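In the UniProt record's numbering, the protein residues as written are 6 to 885.
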Ligand code: B3K
Ligand code: ZN
């Protein structure tokens, strides 16, 4: 496979004004007929170069140009292209191709999932359906007719509005859909199946009534209400927050079981991984409910940020993804708790995106090149991209940012544009020059901020010295300084925010402010600072950077209790816990009984005793940094020692805090028993704290608590409590109770694949001896299928991402297992293979012993035979 470069972008030679598609769906094949109304791109000269259409895995049956069948001499077909010579500026091209959706295991293009036909076209799947100019800057008006057996496929859907339908004598029927909006092929979709739907309506801000439909397999019809509620909420929110109104008369969501990602924003016909739509109390956890809410919103928001204004080319992917993730996080923050949402997002970013940015696949938010675009649907494009938009929001302020968004949508409605166009709109409304800010789009790697300070009591001046740098990443060295918004406050000894007046300013700002760090080294001098302050820095994580400031542990304890910024309270606690765990990592090489800094127990005790503390915040404060995050703090991590130290600290906390935790747990559990399940913030917070306390308490191996846990597992009316109790049992030494619970769970939910995914992953992630053996057994379970991405993620993904002691086993068996599965998967579904391999690609983060073991497996995969382009690119980059 060859590198595709941003610098090689050229306008398309031809445009497709209209696209008329006919699908004839049969059990063993499908015929796709395409009539394309085309023209030479009017922005270019009138000479007529060869027309090169994309097409893969297609069998060309018929081809006509302007109504005349082409002879074999008049076109050429390769495994990637169909080439022919137009003779007029405007022309019509008709093709008929034969494809085999039922044998499509890649789940890209047209494929079958649980008896239904569905499509996934982004990024380059449309070329597996028909010959086309499969690039986002070719936008066309689509009409689509689907023919299928009426009995098996009563529902036939595509984008836009249905305009005609009919029945044939042979038991087949058809429906024609017309999408009035021009769109790139990646937003095309068809669905055919035996589906039921939940219906509702939404009246838009201008008073138009929109029909809302969620289509699912009949057995899931009782699990759609939460998604429907979420949809109505996010439609209203987008009107209120961004002034964006929905534009078609119908909005459809379809749930499919076999899906490579979460969901897809096809115009008017979103297709979802069923795990991201279906949710009800008995089967879905609180986290799953929140995921449904945010993904429904994300896909809906794409209707403007992605569909009405789309990307010129795939290098601009973050234009729609970063912005849309930012929009969905704002929405979730508004629906739930903004601080908790920020904590969750930052934990995820720092554990996973920072790891990506420090590894061999590191790339800028706007990559300069790629081999396989599917590999670039990354944490960097999505999450770091959202952070970049968030920084703009911070620098411009809410009101100006909104003006910029309005201008962007207005200027570019109906166009395929670039990240520069987005920034240009923000420059116009703010009057700011964002040239330096744009380095966030072109420079990869996580910037470091090192901050020191000094206070001079005599002059009452306080100086913050800020240094920034960014490590080298593949193909990038000597990076220029970024624009880093540093939100900060200065706290008095009592924890009050001091007035902030920089030298040269005549008035002081109260509370907090945002400093714009723009240079490699920069000082900020505050005047009239009446006492030695304690700085609260990078509040709400105002930039995606690694910040170092040398707080003492007592400072951290103070900030955890008194900082006026909720996020920074949590952050102080994370720093403290991290230091305590790191101490233990060091000591474990010498002794089995390390000494743990008592301040952690003391401050946790104080927090537990504080009655007025929001349970959601308390739960966040009591969670130790994840093993993955701790690993990221080391140059060369010893994953087993880190796991052991984290376990040790957790156990120590559990024993030390057993009494207050038990009292609190009992009270919360009682409320849960008395309160019917509602997936709303306050109840979610209660259950989260309750489950966290249960997990700590179970560490004490107390039989009385075991009874409580078994009871919570058995009587809970919701999956949040049930699954948490199951996880506690499975991770405990009480194997009989665990086995019994697993058995009962499987009996009860065997018919529900999404619930069974949770049953699989709880076991795959269990940090108990012989974890690999258990996982190998799970693969043989009748409910497991390697062809289903959710199952692969639930078993193989959970094992390699969450099961530190077993995946990183000293003998390399965990790595060999993952390598075997990657090889097996690559032949079926390259996108999933290229994703699931990622823990091995992070080999440089580990100690030499683990590095060696990982490299052996990476090389074995590389030499295992013919690889997909997806996997090839990942290996090529990981093995340099
Ligand atoms: N845009 C899709 C992602 C498609 C990925 C294809 N490999 C989902 C989303 O971000 O909304
Ligand atoms: Zn998206």
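Glycine residues also receive a C-beta, built at the ideal position from the N, C-alpha and C atoms. What you are looking at is a predicted structure, and each value in this text was computed from that prediction instead of being measured.
* Relative to the ligand ZN, is the shortest distance from any of its heavy atoms to the C-beta of residue 307 smaller than 7 Å? -> Locating residue 307 in the chain shown gives position 302, where the first residue counts as 1. Indeed, a heavy atom of the ligand ZN lies less than 7 Å from the Cβ.
* For residue 191, count neighbouring Cβ atoms within 10 angstroms of its own Cβ and tell me buried if that reaches 16, exposed if not. => Indexing the chain shown from 1 puts residue 191 at position 186. Looking at its Cβ environment, which holds 16 or more other Cβ atoms inside 10 Å, residue 191 is buried.
* **Per-residue DSSP class, three states only, for residue 213** => Translated into positions along the chain shown, residue 213 becomes position 208. Taken through DSSP and simplified to helix, strand or coil, residue 213 comes out as coil.
* Asked: Under three-state DSSP, which class holds residue 329?
  -> Residue 329 sits at position 324 when you count from the first residue of the chain shown. Helix.
* Asked: Taking C-beta to C-beta, are residue 142 and residue 59 nearer than 8 Å?
  -> What you label residue 142 is simply residue 137 of the chain shown in a count that begins at 1. What you label residue 59 is simply residue 54 of the chain shown in a count that begins at 1. Taking 8 Å as the cut-off, the Cβ atoms of residue 142 and residue 59 do not count as close.
* For residue 4, I'd like the list of residues in its chain whose CB is within less than 7 Å of its CB, leaving aside the five on either flank, ordered along the chain. => The question about residue 4 has no answer here: the residues shown for the chain are numbered 6 through 885.
* Hey, does residue 453 have any beta-carbon neighbour from chain C nearer than 8 Å? -> Judged by its chain identifiers, the structure shown contains no chain C, having just a single protein chain.
* Entirely enclosed beta strand (DSSP E) segments - the region 446-526, minimum 3 residues -> Fully enclosed beta strand (DSSP E) runs of 3 or longer: 453-461, 466-474, 489-496 and 518-522.
* If you check the beta carbons only, do residue 112 and residue 265 fall under 8 Å apart? -> On the chain shown, residue 112 is found 107 positions in, with the first residue counted as 1. On the chain shown, residue 265 is found 260 positions in, with the first residue counted as 1. A contact, by the Cβ cut-off of 8 Å.
* To do: For residue 891, verify whether its CB is less than 7 Å away from any heavy atom of the ligand ZN.
  => For residue 891 there is no data in the structure shown, the boundaries of the chain being 6 and 885.
* Bridge partner(s) assigned by DSSP for residue 9 -> The residue labelled residue 9 in the question sits at position 4 within the chain shown. Residue pairing of residue 9 in beta bridges, as defined by DSSP: 375.
* For the ligand ZN, is there a heavy atom less than 7 Å away from the beta-carbon of residue 24? -> Here the question's residue 24 lines up with position 19 in the chain shown. No, the beta carbon of residue 24 sits no closer than 7 Å to any heavy atom of the ligand ZN.
* When burial is assigned at 16 or more other CB atoms within 10 Å of the CB, is residue 763 buried or exposed? -> By one-based count along the chain shown, residue 763 stands at place 758. Result: buried.
* Out of 360, 750 and 701, point me to the one whose CA is closest to residue 720's CA. => Indexing the chain shown from 1 puts residue 720 at position 715. Nearest option by C-alpha distance: 750.
* beta strand (DSSP E) segments (min. 3 residues) lying fully within the region 25-108 -> DSSP runs (the beta strand (DSSP E)) wholly in the region 25-108: 35-45, 56-59, 64-70, 80-82, 86-89 and 95-104.
* Between residue 886 and the rest of its own chain, which residues show a CB-CB distance below 7 Å, the 5 nearest in sequence each way excluded? -> Past the edges of the chain, shown from 6 to 885, lies residue 886, and the structure says nothing about it.
* Let me know the secondary structure DSSP gives residue 307 once reduced to three states. => What you label residue 307 is simply residue 302 of the chain shown in a count that begins at 1. The answer is coil: DSSP assigns residue 307 none of H, G, I, E or B.
* Asked: Among 727, 108 and 700, which residue has its Cα nearest to the Cα of residue 34?
  -> Here residue 34 is taken as the residue at index 29 of the chain shown, counted from 1. Residue 108 holds the alpha-carbon nearest to the alpha-carbon of residue 34 among 727, 108 and 700.
* Asked: Which term fits residue 633, buried or exposed, when burial requires 16 or more other beta carbons within 10 angstroms of its beta carbon?
  -> Reading the chain shown from its first residue, position 628 is the one you call residue 633. Burial call: buried.
* Please state whether DSSP places residue 725 in a helix, a strand or coil. => Position 720 of the chain shown, counting from 1, holds the residue named residue 725. Three-state result, residue 725: helix.
* **Reduced DSSP secondary structure (H/G/I, E/B, other) of residue 616** => Taking the first residue of the chain shown as 1, we reach residue 616 at position 611. If DSSP states are grouped into helix, strand and coil, residue 616 belongs with coil.
* Distance cut-off 7 Å: residue 566 Cβ against heavy atoms of the ligand B3K -> For this step, residue 566 is matched to residue 561 along the chain shown. Judged by the Cβ position, residue 566 fails to qualify as a neighbour of the ligand B3K at the 7 Å threshold, every heavy atom of the ligand being at least this far.
* Cβ of residue 368 within 7 Å of any heavy atom in the ligand ZN? -> Position 363 of the chain shown, counting from 1, holds the residue named residue 368. For residue 368, the distance from the CB to the nearest heavy atom of the ligand ZN is not below 7 Å.
* **Close beta carbons around residue 170, own chain, < 6 Å, minus the five adjacent residues each side** => In the chain shown, residue 170 corresponds to position 165, counting from 1. Cβ neighbours of residue 170 beyond the five flanking positions: 180.
* Between residue 714 and residue 777, what straight-line distance do the alpha-carbon atoms span, to the nearest angstrom? -> Along the chain shown, read from residue 1 onward, the residue named residue 714 stands at position 709. Along the chain shown, read from residue 1 onward, the residue named residue 777 stands at position 772. Roughly 26 Å between the two C-alpha positions.
* Where does residue 571 land, buried or exposed, given buried means 16+ other C-beta within 10 angstroms? -> One-based indexing of the chain shown puts residue 571 at position 566. By the 10 Å Cβ count, residue 571 comes out buried.
* To do: Determine, using beta-carbon pairs with one atom in the region 252-271 and one in the region 204-222, whether at least three such pairs fall under 8 Å.
  => At 8 Å Cβ cutoff, the stretches touch.
* To do: Answer yes if the region 681-690 comes into contact with the region 635-649, meaning at least three C-beta pairs across the two stretches below 8 Å, and no otherwise.
  => By the Cβ rule, the region 635-649 does not count as touching the region 681-690, because fewer than three pairs are nearer than 8 Å.
* To do: Round the Cβ separation of residue 532 and residue 499 to the nearest angstrom and send it over; I've been treating them as touching at under 8 Å.
  => Walking along the chain shown from the start, residue 532 turns up at place 527. Walking along the chain shown from the start, residue 499 turns up at place 494. By a beta-carbon distance limit of 8 Å, residue 532 does not contact residue 499. Their separation comes to about 21 Å.
* For the alpha helix (DSSP H) that contains residue 714, what are its first and last residues? -> Residue mapping note: residue 714 aligns to position 709 of the chain shown, counting from 1. First-last of the alpha helix (DSSP H) with residue 714: 708-720.
* Kindly indicate the opening and closing residues of the beta strand (DSSP E) around residue 240. => By one-based count along the chain shown, residue 240 stands at place 235. For residue 240, there is no enclosing beta strand (DSSP E); the enclosing alpha helix (DSSP H) covers residues 230-247.
* Asked: Which residues does DSSP pair with residue 780 in a beta bridge?
  -> For the purposes of this step, residue 780 is identified with residue 775 of the chain shown, where counting begins at 1. BP columns for residue 780 are empty, so no partner.
* **Secondary structure of residue 885, DSSP reduced to three states** => As a working note, residue 885 is residue 880 in the chain shown. Residue 885 sits in coil when the DSSP states are folded into three classes, being neither helix nor strand.
* To do: Report the three-state DSSP secondary structure of residue 535 (helix, strand or coil).
  => Here the question's residue 535 lines up with position 530 in the chain shown. Annotated three-state conformation of residue 535 is coil, per DSSP.
* **Residue from 683, 212 and 809 whose Cα sits closest to the Cα of residue 649** => Translated into the one-based positions of the chain shown, residue 649 becomes position 644. Distances from the alpha-carbon of residue 649 to those of 683, 212 and 809 put 809 closest.
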